[in-house]
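First up is the structure itself, then whatever we jot down about it.
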Amino acid sequence: MALREIERGTRRDALWGRALAKSAGDLQKAKAEYIDMLALHLEEEACAPARRQKKQRMSSLIKRWSIRVAAIGVSVTLLGLYSAHFYRGYQLDWAAKVAERDYPPTTEPTTALVDAKGNRFLEPTWEQYYAVAVDWDTGTRFDSFTEVQRDLAEHNQVLMYQKYGEEAASRMIAGLAEALRVYSRATLNPPSFFDAIMDVLGFGTKSFR
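Numbered according to this note's numbering, the sequence shown spans residues 1 to 209.
So this is what it looks like as C-alpha cells:
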C-alpha cells in the first residue's frame, strides 16, 4: 500500500520531513525512511478501527461489571442491615419471652398512686416497667410510652421524687429496678444468629414458638 501510494505521486509532507531529518538530508536514505514510516502509518490507520472497537468493548465490559459489583455491594449492605435489624428484634423478643416464662407478670390490679401535687395516677404495669428496662439497655424509645414511662426512662431520680413524691417515686423506682434485674437475667445467654435463623426455619433448639 505504501509503494502504490508513492507510485501515484502522493507524498505526505509531515512524514517526508521527518524522513529527511532522520537521514540527515540524504535523499536516498530519506526515501527508504519515508517508505518505512509510511508503511507504519498506514498500518496504524488500518488497525485504528479495530483498536477503537476493542477499547469500546473493554470499556463496556468494565461498565457492566462495575454496575454488577455495585449492585452486589448494595444488596450485601442491605442484607447486612436487615439481618442486624432482624437479629436485634429477635433478641429482644427472646428476652421478653424468657422474662415472661421465668418471671410471669402478676395479675394484681394496677395500683393507684398519688403524685406530689395530690393527683391520682395508675402505677405502671409489669410489662410497662419491663419496656422501660429494655429502653435503658437499647435506647429504643417506644411510641406507646406513657408519661410515667417517659419519666422513668429519663434516668433522673431527682425528677421522679419532685414530680411524684417520695412514696410513689420510691415504689416506681423499685419496680423499675426489679424489671431491670429480670431483663438482665433474661439476656445473660442470648441466642446466636444461627439459633435465630434455625428458629425461624422451625429447627431451633431454643424456640419459644
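Where a beta carbon is used, it is the ideal one built from N, C-alpha and C, also for glycine.
State the CB to CB distance for the pair residue i and residue j, rounded to an integer number of angstroms; the pair is presumed to be in contact (CB under 8 Å).
| i | j | result |
| --- | --- | --- |
| Val132 | Leu152 | 5 Å |
| Thr140 | Thr125 | About 18 Å separates the two Cβ atoms, so there is no contact after all. |
| Met1 | Leu15 | That pair is no contact at about 14 Å. |
| Thr187 | Ala95 | 5 Å |
| Tyr87 | Phe193 | 5 Å |
| Leu81 | Trp136 | Not really, about 24 Å apart at Cβ, beyond 8 Å. |
Does the Cβ of residue i have 16 or more other Cβ atoms within 10 Å, making it buried, or fewer, making it exposed?
| i | result |
| --- | --- |
| Tyr130 | buried |
| Gln28 | exposed |
| Met172 | buried |
| Trp65 | exposed |
| Val76 | exposed |
| Gln149 | buried |
| Val200 | exposed |
| Pro49 | exposed |
| Met236 | There is simply no residue 236 to check, as the chain begins at 1 and stops at 209 in what is shown. |
| Ala30 | buried |
| Ala21 | exposed |
| Ala24 | exposed |
| Ala69 | Per the sequence shown, residue 69 should be read as Val rather than Ala. Val69 should be labelled exposed. |
| Val74 | exposed |
By DSSP, does residue i sit in helix, in strand, or in coil?
| i | result |
| --- | --- |
| Phe121 | strand |
| Arg209 | Caution applies to Arg209, whose pLDDT of 40 falls short of 50 and renders its modelled position unreliable; the value that the coordinates give is listed next. Here Arg209 sits in coil by DSSP. |
| Thr138 | helix |
| Ser144 | coil |
| Phe86 | helix |
| Ser192 | coil |
| Leu40 | helix |
| Leu201 | coil |
| Gly165 | helix |
Going by beta-carbon coordinates alone, are residue i and residue j separated by less than 8 Å?
| i | j | result |
| --- | --- | --- |
| Ala196 | Leu113 | no |
| Ala19 | Glu5 | no |
| Gly165 | Asp115 | yes |
| Gln162 | Thr146 | no |
| Val134 | Leu79 | no |
In the DSSP assignment, find the unbroken alpha helix (DSSP H) run with residue i in it and report its ends.
| i | result |
| --- | --- |
| Leu188 | No alpha helix (DSSP H) holds Leu188; DSSP gives it neither H nor E. |
| Leu3 | Ala2 to Glu7 |
| Ala153 | Glu147 to Ala153 |
| Gly17 | Asp13 to Lys22 |
In the DSSP assignment, the beta strand (DSSP E) including residue i goes from what residue to what residue?
| i | result |
| --- | --- |
| Ala112 | Ala112 to Val114 |
Got a sec: does the ligand GDP put a non-hydrogen atom nearer than 7 Å to the Cβ of residue i?
| i | result |
| --- | --- |
| Leu79 | In terms of ligand content, the structure shown is empty, and the ligand GDP therefore cannot be addressed. |
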